[in-house]
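Read through the structure below, which is laid out as C-alpha cells, and then see the notes.
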Amino acid sequence: MKTTKFTKTKLATSLSLVLGVSSMLPVYAADEASEENIEVLQVTGIRGSLIKSMDVKRSSNGVVDSISAEDIGKFPDTNLAESLQRITGVSIDRSNGEGSKVSVRGFGPDYNLITLNGRQMPVTTGSRSFDFANIASESISGVEVHKTSQASDSTGGIGSTIDILTHKPFSSPGLKATFGVKAVDDQSTDNGSVTPELSGLYSNTFADDKFGISLSASYQERESGNQQAQVGTGWRTFPGSATNDSEWGGVANDSTQVNRPGDDEFYSVPQTTVYRFEEQQRTRTNGQLVLQYSPVDSVVTSLDYTYMRNDIDTQSNDVSAWFNFVPSENVWSDGPYASPLIYSETYGSPADLSMAAGDYGVRNESGSLGFNIEWQATDNLKLTFDAHNSVAENKPNNLYGSSNNLSTAAFVRTSAATDFSGDLPVLAVGGGNAVTPADMMLTGSVFTNARNKSEIDQYQFDGEYIFEDAGSIDFGVALTNVNNHSQSVNVQRNDWGGVGSAGDFDDAWFPADTIQDKFDANGGDFSLADGNFDVLDTIFMWDFASVRDFAAANYASAVNGDCGNGFCPSTNYAAETDRYTEEESQAVYVQYNYDNEISGMPYDVHFGLRYEQTDVTSTAAVAGYDGADWIAETEILLSATGEQVFETKTGDYDYLLPSFNFNIEVIEDVMLRAAYSETIGRPNYTDIQGGTVLATLANRTNGGGSAGNPTLLPLESENIDFSAEWYYAPSSYVSVGYFRKDTQNFISNEAVKTTNGIYNPASGDLYKAAVAATGTTEAGAVRDYIFANYADNAAVDATNQIISGSAANNDELLNFNINTPLNSSESSVIDGWEFAAQHFFGESGVGVIANYTLVNSDLALVGISDTANAVLVYENYGFQARVAYNWRDEFLSATNQGTGIFPQYTEAYSQIDLSVSYDIEQVEGLTVFFEGLNITEEYTRVHGLANEQVLNLTETGARYSLGARYTF
0 MKTTKFTKTK
10 LATSLSLVLG
20 VSSMLPVYAA
30 DEASEENIEV
40 LQVTGIRGSL
50 IKSMDVKRSS
60 NGVVDSISAE
70 DIGKFPDTNL
80 AESLQRITGV
90 SIDRSNGEGS
100 KVSVRGFGPD
110 YNLITLNGRQ
120 MPVTTGSRSF
130 DFANIASESI
140 SGVEVHKTSQ
150 ASDSTGGIGS
160 TIDILTHKPF
170 SSPGLKATFG
180 VKAVDDQSTD
190 NGSVTPELSG
200 LYSNTFADDK
210 FGISLSASYQ
220 ERESGNQQAQ
230 VGTGWRTFPG
240 SATNDSEWGG
250 VANDSTQVNR
260 PGDDEFYSVP
270 QTTVYRFEEQ
280 QRTRTNGQLV
290 LQYSPVDSVV
300 TSLDYTYMRN
310 DIDTQSNDVS
320 AWFNFVPSEN
330 VWSDGPYASP
340 LIYSETYGSP
350 ADLSMAAGDY
360 GVRNESGSLG
370 FNIEWQATDN
380 LKLTFDAHNS
390 VAENKPNNLY
400 GSSNNLSTAA
410 FVRTSAATDF
420 SGDLPVLAVG
430 GGNAVTPADM
440 MLTGSVFTNA
450 RNKSEIDQYQ
460 FDGEYIFEDA
470 GSIDFGVALT
480 NVNNHSQSVN
490 VQRNDWGGVG
500 SAGDFDDAWF
510 PADTIQDKFD
520 ANGGDFSLAD
530 GNFDVLDTIF
540 MWDFASVRDF
550 AAANYASAVN
560 GDCGNGFCPS
570 TNYAAETDRY
580 TEEESQAVYV
590 QYNYDNEISG
600 MPYDVHFGLR
610 YEQTDVTSTA
620 AVAGYDGADW
630 IAETEILLSA
640 TGEQVFETKT
650 GDYDYLLPSF
660 NFNIEVIEDV
670 MLRAAYSETI
680 GRPNYTDIQG
690 GTVLATLANR
700 TNGGGSAGNP
710 TLLPLESENI
720 DFSAEWYYAP
730 SSYVSVGYFR
740 KDTQNFISNE
750 AVKTTNGIYN
760 PASGDLYKAA
770 VAATGTTEAG
780 AVRDYIFANY
790 ADNAAVDATN
800 QIISGSAANN
810 DELLNFNINT
820 PLNSSESSVI
830 DGWEFAAQHF
840 FGESGVGVIA
850 NYTLVNSDLA
860 LVGISDTANA
870 VLVYENYGFQ
880 ARVAYNWRDE
890 FLSATNQGTG
900 IFPQYTEAYS
910 QIDLSVSYDI
920 EQVEGLTVFF
930 EGLNITEEYT
940 RVHGLANEQV
950 LNLTETGARY
960 SLGARYTF
C-alpha cells in the first residue's frame with residue numbers, strides 16, 4: 000500500500016469525496032479529509048471529471064490515465080470507446096460509425112486486457128478483443144488505462160490493462176438517483192427514424208451505511224446505415240514479367256496496356272467491384288445490481304450481477320461485377336507496385352451483373368455474477384477474496400440466420416471497367432443501366448448460423464501487509480479458467496450459373512434505385528482512357544423475403560436447412576465446424592512497496608514478481624472433403640464427405656514476470672516516474688483453436704482455408720517507461736512520457752501449402768487439350784470446349800455444366816493455401832512518445848486539452864500508428880460545451896486479403912464531435928443537452944499495396960441526439 004501523502008488541493012480532495020471515486024484513489028484521501036476541516040465543494044461536470052482523472056494520474060503507482068464520470072450516471076461520451084480515444088496513446092476501431100475496439104500504444108484490441116472492476120471479462124467477438132458497443136456508459140463511474148504493469152495485474156495486456164469501474168453504493172453513501180431520456184437521429188440511415196434512449200440509476204445506503212444497493216439500467220435503440228464500395232476478395236498481385244498467357248489474372252505485354260509495369264516491378268489486378276448498402280437496427284439493454292453489506296467496520300461484502308445484451312439486425316443490397324480475367328485494356332500507375340488507374344474487360348458473350356441481398360441478425364449477450372469480500376483483519380493486514388462467473392455469447396437472432404447472402408443476376412454485362420484514380424472506385428458496366436426486373440434470375444446463396452460462447456470462472460485472493468516503518472507487501476493467487484466454444488454451419492447453394500428463368504419474379508419486388516449519388520467521396524471519370532464508359536447507376540433494392548419465399552416454393556436445391564430446402568439456415572451445428580478450447584491459468588504474485596523521502600523529495604518504489612502457468616486444450620470437429628467440381632467460370636466447389644474430422648491438441652507455457660515502478664516528486668507538483676516490467680499477450684482465441692477448415696469454393700489456381708494452433712506461445716515484451724508530469728494548477732498539467740517495448744514471439748499468419756488429396760478439374764488432360772485447341776485460358780471458352788468434345792468422359796456432366804476432378808484424367812492435386820498462425824522468430828522494438836497538456840484559463844470556464852502520441856516500430860506491425868486529440872471545453876453559469884477533434888494516422892490493419900498474404904492499410908482518419916448542455920436553474924438537478932458525433936461526416940478507406948488498390952470505402956454519417964437528465 001502506498002502511504003506517501005503527495006500534496007493535493009482541497010478542490011481535488013473534495014471532488015474525490017463528493018463523486019465517490021474511492022475505488023479509483025488511495026484511501027489516504029479520506030484520511031487527509033478527516034485531518035483537515037475541508038469544505039466539500041459540489042463541483043461536477045466537465046471540469047470536475049477532468050480534475051478527478053488528473054488526480055488518478057498523479058496518485059497512481061505507475062503510468063495510468065483515466066476518464067471519470069462527470070456526474071452520477073453521466074459519462075463524457077455515450078460510448079466508452081469514444082471516450083477512451085481522448086487518452087494519449089489510445090486509438091479505436093469503429094463499426095458502423097461507432098467505437099467498438101481499443102488499441103493502446105500500437106497494440107491491437109487482442110493485446111489489451113479489459114477488466115470489469117478488476118475481473119477478466121468474456122467476449123462475444125470470438126477473439127480476445129472486447130466490443131465496447133455492447134456496454135452502456137450510464138452505470139460507469141470511471142475507466143482506468145494502466146500502461147505500466149504491477150505484479151497484481153492479470154496478464155494479457157501488453158498495450159495496457161483497461162479497468163472499467165461501475166458505481167457502488169458505498170463509494171457514494173446516501174440517496175443518489177438519476178434518470179435520462181434521449182432522442183437520437185442518425186443521419187446514416189435511409190429508412191430509419193429518430194430512436195429513443197432511456198437510462199436510470201438508483202443508489203442508496205441504509206442502517207448507518209451498513210447496507211447499500213445500487214441499481215442501474217439502460218435501453219437504447221439505434222437505426223443506422225452505411226454505403227460501401229469494395230473490391231471483393233482483394234487484389235491479385237504478380238511480378239511484372241507475368242502475362243495473361245502465363246498467369247490467370249495476368250495482363251498482356253502489348254499496346255493494350257498504357258504505362259505497363261516493367262519486368263522488375265509488381266502489378267495488381269482487382270477481383271471485383273462491389274457497391275453495398277446496409278441498414279441496421281440495434282437494440283441495447285444493460286443492467287446492473289450491486290448489493291453491499293458491512294456487518295462490522297472491518298468487513299465489506301459485495302454481491303453484483305451485470306447484464307448486457309445487444310441485438311443487431313442488418314439488411315443489405317449490393318451490386319457487383321466480377322472480373323473474369325479475359326484479355327484486358329488498362330491504364331497503369333507508376334511502380335514499383337503498379338495499380339490500374341483504369342481496368343477494363345470486354346466479353347464475347349454477356350456475363351452476369353450480380354445483385355444480392357441479405358437479411359440477418361445476431362444477439363450479443365453477457366452476464367456476470369460476482370462476489371467480493373474485503374477484511375481489514377488487523378491495522379496492518381488486509382485480505383480480499385473475489386470470485387465471479389461470467390458468460391458471453393454471440394448467437395443468431397434472425398429466422399434467416401446470423402448472416403446470409405441471396406444472389407440474383409442479369410446476364411447482360413457486355414463489358415466491365417473500374418476507374419481507381421479517385422478515393423471511390425467508379426464502376427462502368429456495358430448494358431448495366433438498361434437492366435430491367437425481367438432480366439433477373441436467381442443464382443447462388445449461403446445461409447449461415449454461427450455462435451460463439453465464452454465462459455470465465457475466476458478466483459482471486461489478495462493480501463496486503465503493512466510493516467511498521469518498513470513499507471508494505473502485496474501478495475495473492477489467482478485461478479482463471481476460460482472456456483470458448485465456437486460453432487458454425489453453412490447451407491450453401493452454388494447455382495451461380497442461375498436457376499429458373501429470367502422474368503420468374505414479380506417486377507414489383509425489384510424497385511430500381513441510383514448508386515453514385517449515395518456517395519460523397521470523389522471518384523474518377525474515365526478521362527484517362529479512350530472509349531465510351533457507361534457508369535453504373537442502377538441497382539435493384541430487391542425484396543429479400545419475397546424473393547426467398549418464391550425461391551423456396553419453386554426451385555429445388557441439393558442442400559437443406561431446417562426449413563427442408565436450401566433457402567434457410569441450419570441449426571445442425573454438429574454437421575460442420577465445432578471447436579472447443581479450454582485455457583486454465585494459475586498465478587501467484589508478491590510485491591514489495593516502500594515510500595520515503597530523499598532530500599525532502601517524497602518517493603515510492605514497488606518491486607514485484609508474478610508467476611503464471613497456462614495449459615491449453617483444443618478439441619475440434621471440421622467438415623471433410625474428397626473431391627472438387629468446376630461449377631462456373633471462376634468457381635470450383637469442394638465435395639463434402641458428409642463426415643467430420645476430429646482432433647485434439649494441447650499446449651502449455653509458464654512465465655516469471657518481474658515488475659518495478661518508481662515515482663518521485665522532485666519539487667512540489669512535479670512527478671517523475673520510471674518503470675520496468677515483463678508482460679505477455681496471449682494468443683487470440685481463434686488462433687489456438689484446432690482443426691483445419693477448408694473454404695468450400697476454390698478458384699482455378701488454388702483453394703483456401705484456415706487452421707488453428709494450440710501450441711502458440713504468447714507475445715513476450717520487456718517494457719521500459721519514463722514519465723514527467725507537472726501539475727501546475729488545480730485543474731491543469733503537462734506531461735511527457737517515453738515508452739519502449741522489446742517484443743518477441745509475434746504471431747503472424749502464414750499460408751501453409753497443402754493438397755489434401757483433392758484433384759483440380761482445371762489442370763489435367765481435358766483442360767490442357769481445351770487450351771491447346773482454343774488458344775486461350777479464358778474459362779468460358781475452355782469449359783465450352785470440354786463440354787462439346789468430352790461429354791462422354793466420366794468426369795464431365797455437360798447437362799449440369801460440371802467438370803469433376805479426376806485422377807483418370809491426370810488432373811493435378813488442387814493446392815490449398817491454409818492460413819495458419821505461427822510464432823515468428825523475429826523480434827521487434829516498439830517505442831514512442833506521449834505528450835499531453837490540460838489547461839483551464841482561471842475562472843473563465845474555458846479549457847483546452849491536447850495530446851499527441853508518436854509510435855515507431857522496426858517491423859511492419861498491425862495497428863501501429865500516431866494519434867492526436869484536441870478538445871476545447873467551456874463550463875460556466877450552468878452551461879457546458881465541448882468540441883473534440885480526434886485523429887489517427889494510417890496504419891497496417893491486416894496482413895492478408897482474400898487473395899493471399901497481402902497487406903491492408905486503413906488510411907488516416909479524423910472526426911469532430913461536440914456536446915452542449917445547460918442546467919435548468921428553475922428545476923434543480925435538471926439538465927438538457929445536445930450531442931453530435933462525426934459532424935463533418937468523414938468516411939473510412941482501406942487500401943492494399945498501393946493507395947489506388949482500394950479494398951473498402953465506407954461512408955456512414957453524423958449522429959445527433961437531444962435529451963434531458965434529472966439527478967437528485
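Anchor point for the sequence shown: position 520 equals 519 in numbering that gives the first Met the number 0, and the numbering is continuous, going up by one each time.
Backbone N, C-alpha and C fix where the C-beta goes; we use that ideal spot for every residue, glycine too.
All of these numbers come straight from a predicted model, not from anything done at the bench.
Under the DSSP assignment, asparagine 788 falls in the alpha helix (DSSP H) whose first and last residues are 778 to 788. Valine 621: member of the beta strand (DSSP E) spanning 600 to 631, first to last residue. Counting along the chain, no alpha helix (DSSP H) covers glycine 179; the unbroken beta strand (DSSP E) around it starts and ends at 175 to 185. In the DSSP assignment, glutamate 222 falls within the unbroken beta strand (DSSP E) covering 210 to 229.
If you check the CB distance, leucine 368 and asparagine 388 come in under 8 Å. Between tyrosine 652 and the set Asn816, Gln879, Asp614, the nearest pair of CA atoms involves Asp614.
DSSP, read as helix, strand or coil, puts tyrosine 342 in strand. Secondary structure of proline 510 (DSSP, three-state): coil.
Restricting attention to alpha helix (DSSP H) runs no shorter than 4 residues, the stretch 441 to 488 encloses none. A direct Cα-to-Cα measurement between threonine 852 and glutamate 833 gives close to 5 Å. CA-to-CA, the gap between serine 126 and aspartate 577 works out to about 16 Å. Phenylalanine 169 and threonine 204 have their C-alpha atoms spaced approximately 7 Å apart. In this structure, threonine 633 sits near asparagine 323, with a CB-CB distance shorter than 8 Å. The beta carbon of glycine 211 sits closer than 6 Å to the beta carbons of Pro168, Phe169, Thr204, Gln291 from its chain, once the five residues preceding and following it are set aside; these are given in chain order.
Looking at Phe566, Pro510, Gly141, the one whose alpha-carbon comes closest to that of serine 82 is Gly141.
Secondary structure remark: continuous alpha helix (DSSP H) runs of at least 4 residues inside the stretch 70 to 132, in chain order: 79 to 83. Contact annotation: glutamine 229 and arginine 275 have beta-carbon atoms nearer than 8 Å.
If you draw a straight line from the Cα of tryptophan 541 to the Cα of glutamate 277, it comes to about 13 Å.
For the options Ile597, Leu671, Val669, Leu693, the alpha carbon positioned closest to that of leucine 636 is the one of Leu693. Closest by C-alpha distance to tyrosine 593, out of Ser348, Ser414, Phe659, is Phe659. Between proline 713 and lysine 648 a beta carbon distance of about 17 Å is seen, past the 8 Å cut, so the two are scored as non-contacting.
Taken atom to atom, the span from the alpha-carbon of lysine 452 to that of glutamate 611 is near 25 Å. Counting only runs of 4 or more residues that sit fully inside the stretch 503 to 579, the alpha helix (DSSP H) segments are 543 to 553, in chain order. For a cut-off of 8 Å, the C-beta gap from aspartate 865 to isoleucine 757 is around 46 Å, too long to register as a contact. Here tyrosine 876 carries a coil assignment [DSSP, helix/strand/coil]. For leucine 214, the closest of Leu288, Val55, Phe178 by C-alpha to C-alpha distance is Leu288. In its chain, beyond the 5 residues on either side, Lys146, Thr147, Arg672, Ala674, Asp720, Ser722, Gly736 have a beta carbon closer than 7 Å to the beta carbon of valine 62. Straight across, the Cα-Cα distance linking alanine 206 with threonine 177 is about 22 Å.
Sequence-distant Cβ neighbours of aspartate 385 in its own chain, meaning closer than 6 Å and more than five residues away, are Asn371, Gln459.
Taking glutamate 920 as the centre and dropping the five residues before and after it, the same chain places the C-beta of Gly877 closer than 7 Å to its C-beta, in chain order. Counting the other CB atoms within 10 Å of its CB gives threonine 640 a total below 16, which places it among the exposed residues. If you look at leucine 952, you'll find it isn't in any alpha helix (DSSP H); it sits in the beta strand (DSSP E) that goes 949 to 954. Close CB contacts of serine 716 within its chain, under the 6 Å cut and outside five residues either way in sequence, are with Ile157, Thr678, Lys740, Thr742 (chain order).
Boundaries of the alpha helix (DSSP H) harbouring glycine 47: 44 to 58, taken from the DSSP string. By the Cβ rule, the stretch 579 to 594 counts as touching the stretch 481 to 488, because three or more pairs are nearer than 8 Å.
Of the other Cβ atoms in all chains shown, fewer than 16 fall within 10 Å of the Cβ of tyrosine 727; this residue is therefore exposed.
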